[in-house]
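Enquirer:
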Amino acid sequence: MNRSLPFELSCIILKQIKSVKVLAECRLVCKKWNFLAEKAMLDRELDLTSPGATNKLIELLRQRPAMAWHIKAMRLSDSCGDDLQSQKQLLSLALTPNIRYLRGEMSKELFGHLLDIAQQSPIKFSKLEALPKLSRKENIALPLAMSKYSESLLYFKDSLKELNPSVVEDEFPATLGPTFANLDEFKSLTKMTLDFTGSFNYIIQNLYFIDLERALNSCNYNHFLQILELNFVMWYPFHAVQLAEFVEWLFESVVPVLDYHNTIRINSVFGPHILEYIAYKYPNVSKLVIYNWNVKDAERAINAIKHINTIQIISKHADIEEMGKDNDDMWNARPSLEIIKSKNKGTTTFNINTQRCLQKYKEIISIVGSESQSLEFNYLDHYPSSENEDSLLDKPQIETSLHVLDKLTTLKVQCDGEEINESICKEIAHSAPNLKHLTLTTCCSYLKGHCLSFPETELESISICTGPDSRNKYLQNDNQSLLLTLEKTQDDSQESFYYYLLTPATSSTPSHGQQIAKESLSECHHEMPSIRIVVKSLNNLKINLDALDFEMEFNS
1474 MNRSLPFELS CIILKQIKSV KVLAECRLVC KKWNFLAEKA MLDRELDLTS
1524 PGATNKLIEL LRQRPAMAWH IKAMRLSDSC GDDLQSQKQL LSLALTPNIR
1574 YLRGEMSKEL FGHLLDIAQQ SPIKFSKLEA LPKLSRKENI ALPLAMSKYS
1624 ESLLYFKDSL KELNPSVVED EFPATLGPTF ANLDEFKSLT KMTLDFTGSF
1674 NYIIQNLYFI DLERALNSCN YNHFLQILEL NFVMWYPFHA VQLAEFVEWL
1724 FESVVPVLDY HNTIRINSVF GPHILEYIAY KYPNVSKLVI YNWNVKDAER
1774 AINAIKHINT IQIISKHADI EEMGKDNDDM WNARPSLEII KSKNKGTTTF
1824 NINTQRCLQK YKEIISIVGS ESQSLEFNYL DHYPSSENED SLLDKPQIET
1874 SLHVLDKLTT LKVQCDGEEI NESICKEIAH SAPNLKHLTL TTCCSYLKGH
1924 CLSFPETELE SISICTGPDS RNKYLQNDNQ SLLLTLEKTQ DDSQESFYYY
1974 LLTPATSSTP SHGQQIAKES LSECHHEMPS IRIVVKSLNN LKINLDALDF
2024 EMEFNS
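The sequence shown runs contiguously to residue 2029 in my numbering.
#1: Since PRO1930 and ALA1902 are thought to touch, with beta carbons under 8 angstroms apart, how far apart are those beta carbons, to the nearest angstrom?
#2: Considering only the alpha carbon of each residue, which of VAL1768, PHE1724, ASN1907 and LEU1911 lies closest to GLU1836?
#3: Where does ASN1571 sit, in a helix, a strand or coil, going by DSSP?
#4: In this structure, how does DSSP classify LEU1959 when only helix, strand and coil are distinguished?
#5: Kindly indicate which three-state DSSP category LEU2021 falls into: helix, strand or coil?
#6: Tell me PHE1584's beta-bridge partners as DSSP assigns them.
#7: If you follow the beta strand (DSSP E) that LYS1760 is in, where does it begin and where does it stop?
#8: Based on Cα-Cα distance, which residue from ILE1590, SER1580, GLU1624 and ASN1571 lies nearest to SER1599?
#9: Around the C-beta of GLY1525, are 16 or more other C-beta atoms found within 10 angstroms, so that it is buried, or is it exposed?
#10: What residue does the alpha helix (DSSP H) around GLU1996 start on, and which one ends it?
#11: Taking the alpha carbon of LEU2021 as the point to measure from, which residue in VAL2007, SER2003, ASP1556 and LEU1810 has its own alpha carbon closest?
#12: If you drop the 5 nearest sequence neighbours on each side, which residues of the same chain put their C-beta closer than 6 angstroms to that of THR1912?
#13: Report the residue from LEU1957, ASN1776 and LYS1991 whose alpha carbon sits nearest the alpha carbon of THR1976.
#14: Tell me the DSSP secondary structure of ASN1757 in three-state form.
#15: Looking at C-alpha atoms only, which residue of ASP1879, SER1926, GLU1996 and LEU1701 is the closest neighbour of PRO1906?
#16: Could you give the distance in angstroms between the alpha-carbon of SER2038 and the alpha-carbon of LEU1626?
#17: Which two residues bound the contiguous beta strand (DSSP E) that contains THR1666?
#18: Could you tell me which of HIS1780, TYR1973, LEU1515 and LEU2011 sits nearest to GLN1963, measuring between CA atoms?
#19: Taking the alpha helix (DSSP H) that PRO1977 belongs to, which residues open and close that run?
#20: Counting along the chain, where does the beta strand (DSSP E) carrying CYS1924 start and finish?
#21: Where does SER1843 fall in DSSP's three states?
#22: Between ARG1773 and the rest of its own chain, which residues show a CB-CB distance below 7 angstroms, the 5 nearest in sequence each way excluded?
#23: Considering only the beta carbon of each residue, do VAL1727 and GLU1686 sit closer than 7 angstroms?
#24: Apply the 10 Å Cβ neighbour rule to GLN1988 and answer buried if 16 or more other Cβ atoms are within range, or exposed otherwise.
#25: Which residue wins for smallest C-alpha separation from LYS1816, given the options LEU1761, SER1839 and ASN1765?
#26: So ALA1567 and LEU1530 are supposed to be a Cβ contact under 8 angstroms. How far apart are they, rounded?
#27: DSSP three-state call for THR1522: helix, strand or coil?
#28: How many Å lie between GLU1511 and GLU2024 at the Cα?
#29: Measuring straight from C-alpha to C-alpha, what distance separates VAL1720 and HIS1780?
#30: DSSP on GLU1446, reduced to helix/strand/coil?
#31: Over what stretch of residues does the alpha helix (DSSP H) that includes LYS1899 continue unbroken?
#32: When the distance is taken between beta carbons, is ARG1548 closer than 7 angstroms to GLU1518?
#33: Do GLY1819 and GLN1846 have their C-beta atoms within less than 7 angstroms of each other?
#34: Rounded to whole angstroms, what is the Cα-Cα separation between SER1565 and LEU1636?
#35: Buried or exposed: PHE1927, going by 16 or more other Cβ atoms within 10 Å of its Cβ?
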């Protein structure tokens, strides 16, 4: 059947496949797909960091040189000795004006060879957007290595969208200094990564920041630059420098950059000082992204950056010992904690991987969330708890984060598999006395009774729903109805009860609800699955539990 597929449709199908392994299997389908799948494989980023992969590509391009025009991106590794000739041969065969991304690391010899290929080509390499870093084996050695790298940057300045140089204090002024001073010539530049790992004096903090200030002052920021990324050494120790002392040094020694308004990313934050420095150096930055948060004095650190409109904190490692490991699986793994805070919107979102240790994040969650009007907790990769376990919101790591949230008016909690119970509500009501809007995505069983009890809270809306990973877990029978009991408390201790029979949708009828009198309740009603809601006030209720989907308005 695949032989009869139109050529264009076959191309579209193969382009949708992201896995190189699957594309390799597609080559076995038929002769036509062998060629198309091969082209699609070359269109992906090619990982050429091993001799085996390099030799395979060299052999392919020797046999069919024209296939090189399908190569868009390559990831290379540093090479020396016997491997250098193979790497040069690879570049000679694989590089065409169609190349867009070169990542990884290259030696000074390979940068020189790259320049020779580009300069001798009759067609300009006008699509190249990213170059590899200079090899760490050479970036602290001879000025020749850095000059070859800097020469490459300047040659491709019209097309490069990313710069990621390694910054070395001893060689910086004479090599990369001229490049940074002419950043306005890089008309396509949108992202620059300054790699400070392996450089500067990390033992004496004053020297560290002096060198950092010198490097950043050499940058002539153009208005095209959207992202400035700073990579720091992971084992940088925490120094007990007092705030007043450090602020005094900032005032005396640091020149603020007032005209940079975009995004700064920082990799590895081990103390508040680097954040205080960045906040003073770039006072008008609109977004700050922090990877690998491991700050002891979290309150001091957050106070330094709380004026920034958008703050994103991402941590992928549960243990400090893990953070020094160069493990691709760790970097590609889902973060154990991600915090997205927007000052303008008054919102904070916590994406929490509950399979990792969260004890180290208690303080940062509490501090970041305390100023927000809207909080969202998303518990990732969570499995339903056993019946004798407490609700996740009652566990120690989250309990601390929900203390004294007077400004909080909107709360969303997503933890598919957790039962709605009174202990959850008690914690929420205690922590957020001014809460108005509550969304709970926590239901795990349709057959269990659920109770939302907020007798002292003046709520405006409640939403109850199953999570995106729930598939037919809540409703086990399309004909199974639900009894909703709404209890409104009053200041005079009197209570009003309202009863609703909720019927889920079928193939021919939508979900609907019907109010019934207390006198009409029968034994069969009390045996139904039920939700009991106790509130001081409520204007709107939404329930979306698979086939049970409806919204109700109530009079105040």
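Yeah, the Cβ is synthetic: ideal placement off N, Cα and C, and Gly gets one too.
Expert: With the structure as the only source:
#1: The count along the sequence shown starts at 1 and reaches residue 1930 at position 457. The count along the sequence shown starts at 1 and reaches residue 1902 at position 429. For the record, residue 1930 in the displayed sequence is Thr; it is not Pro. With 8 angstroms as the limit, THR1930 and ALA1902 qualify as a contact, their Cβ atoms being about 5 angstroms apart.
#2: By 1-based counting over the sequence shown, the position of residue 1836 is 363. For the residues VAL1768, PHE1724, ASN1907 and LEU1911, the minimum Cα distance to GLU1836 belongs to VAL1768.
#3: Your numbering for residue 1571 matches position 98 in the sequence shown. In the structure shown, ASN1571 sits in coil (DSSP, three-state: anything other than H, G, I, E or B).
#4: As a position in the sequence shown, residue 1959 is number 486, starting the count at 1. In this structure, DSSP gives LEU1959 an extended state, which the three-state scheme calls strand.
#5: Here the question's residue 2021 lines up with position 548 in the sequence shown. Three-state DSSP puts LEU2021 in a strand.
#6: The residue given as residue 1584 occupies position 111 in the sequence shown. In DSSP, PHE1584 forms no bridge with anything.
#7: Counting from 1 along the sequence shown, the entry for residue 1760 is found at position 287. That run of the beta strand (DSSP E) goes 1760-1766.
#8: Sequence index remark: in the sequence shown, residue 1599 carries index 126 (1-based). Cα-wise, what sits closest to SER1599 is ASN1571.
#9: The residue labelled residue 1525 in the question sits at position 52 within the sequence shown. Under this definition GLY1525 is an exposed residue.
#10: Mapped onto the sequence shown, residue 1996 falls at position 523. Residues 1996-1999.
#11: Here residue 2021 refers to the residue found at position 548 when the sequence shown is read from its first residue. Selected option, being the one with the closest Cα: SER2003.
#12: Taking the sequence shown and counting its residues from 1, one reaches residue 1912 at position 439. Hits under 6 angstroms: LYS1885 and SER1936.
#13: Working through the sequence shown from its first residue, we reach residue 1976 at position 503. If we check each option's Cα against that of THR1976, LEU1957 comes out closest.
#14: Residue numbering aside, residue 1757 sits at position 284 when the sequence shown is read from its first letter. If DSSP states are grouped into helix, strand and coil, ASN1757 belongs with coil.
#15: Taking the sequence shown and counting its residues from 1, one reaches residue 1906 at position 433. Of ASP1879, SER1926, GLU1996 and LEU1701, the residue nearest in Cα terms is ASP1879.
#16: Coverage of the chain is limited to positions 1474 through 2029, which leaves residue 2038 absent and any answer about it impossible.
#17: Walking along the sequence shown from the start, residue 1666 turns up at place 193. In the DSSP assignment, THR1666 falls within the unbroken beta strand (DSSP E) covering 1664-1668.
#18: By one-based count along the sequence shown, residue 1963 stands at place 490. Residue nearest to GLN1963 within the set HIS1780, TYR1973, LEU1515 and LEU2011 is LEU2011 (criterion: CA-CA distance).
#19: As a first step, residue 1977 must be located in the sequence shown, where it is residue number 504. From DSSP, PRO1977 is part of no alpha helix (DSSP H); its letter is neither H nor E.
#20: For the purposes of this step, residue 1924 is taken as residue 451 along the sequence shown, with counting starting at 1. First-last of the beta strand (DSSP E) with CYS1924: 1923-1931.
#21: The residue you call residue 1843 lines up with position 370 of the sequence shown. Coil at SER1843, not helix or strand.
#22: Indexing the sequence shown from 1 puts residue 1773 at position 300. Excluding sequence neighbours, ARG1773 sits near LEU1716 and PRO1745.
#23: Here the question's residue 1727 lines up with position 254 in the sequence shown. Here the question's residue 1686 lines up with position 213 in the sequence shown. At the C-beta level, VAL1727 and GLU1686 come within 7 angstroms of one another.
#24: Reading the sequence shown from its first residue, position 515 is the one you call residue 1988. Classification for GLN1988: exposed.
#25: Here residue 1816 is taken as the residue at index 343 of the sequence shown, counted from 1. Among LEU1761, SER1839 and ASN1765, the Cα nearest to that of LYS1816 is on LEU1761.
#26: Residue 1567 sits at position 94 when you count from the first residue of the sequence shown. Residue 1530 sits at position 57 when you count from the first residue of the sequence shown. Yes, ALA1567 and LEU1530 are in contact; Cβ-Cβ is about 7 angstroms, under 8 angstroms.
#27: In the sequence shown, residue 1522 corresponds to position 49, counting from 1. Three-state result, THR1522: coil.
#28: Your numbering for residue 1511 matches position 38 in the sequence shown. Your numbering for residue 2024 matches position 551 in the sequence shown. Going by the C-alpha atoms only, they are around 52 angstroms apart.
#29: Against the sequence shown, residue 1720 aligns to sequence position 247. Against the sequence shown, residue 1780 aligns to sequence position 307. For VAL1720 and HIS1780, the distance between alpha carbons rounds to 17 angstroms.
#30: Because the chain is modelled from 1474 through 2029, residue 1446 falls outside the range shown and cannot be assessed.
#31: Counted from its first residue, the sequence shown places residue 1899 at position 426. LYS1899 -> alpha helix (DSSP H) spans 1895-1904.
#32: Taking the first residue of the sequence shown as 1, we reach residue 1518 at position 45. Taking the first residue of the sequence shown as 1, we reach residue 1548 at position 75. Contact: yes.
#33: As a working mapping, residue 1819 is identified with position 346 in the sequence shown. As a working mapping, residue 1846 is identified with position 373 in the sequence shown. Their beta carbons are under 7 angstroms apart, which means GLY1819 touches GLN1846 by this criterion.
#34: By 1-based counting over the sequence shown, the position of residue 1565 is 92. By 1-based counting over the sequence shown, the position of residue 1636 is 163. One alpha carbon belongs to SER1565, the other to LEU1636, and they sit about 23 angstroms apart.
#35: Indexing the sequence shown from 1 puts residue 1927 at position 454. Classification of PHE1927: buried, given that the 10 Å Cβ count is 16 or more.
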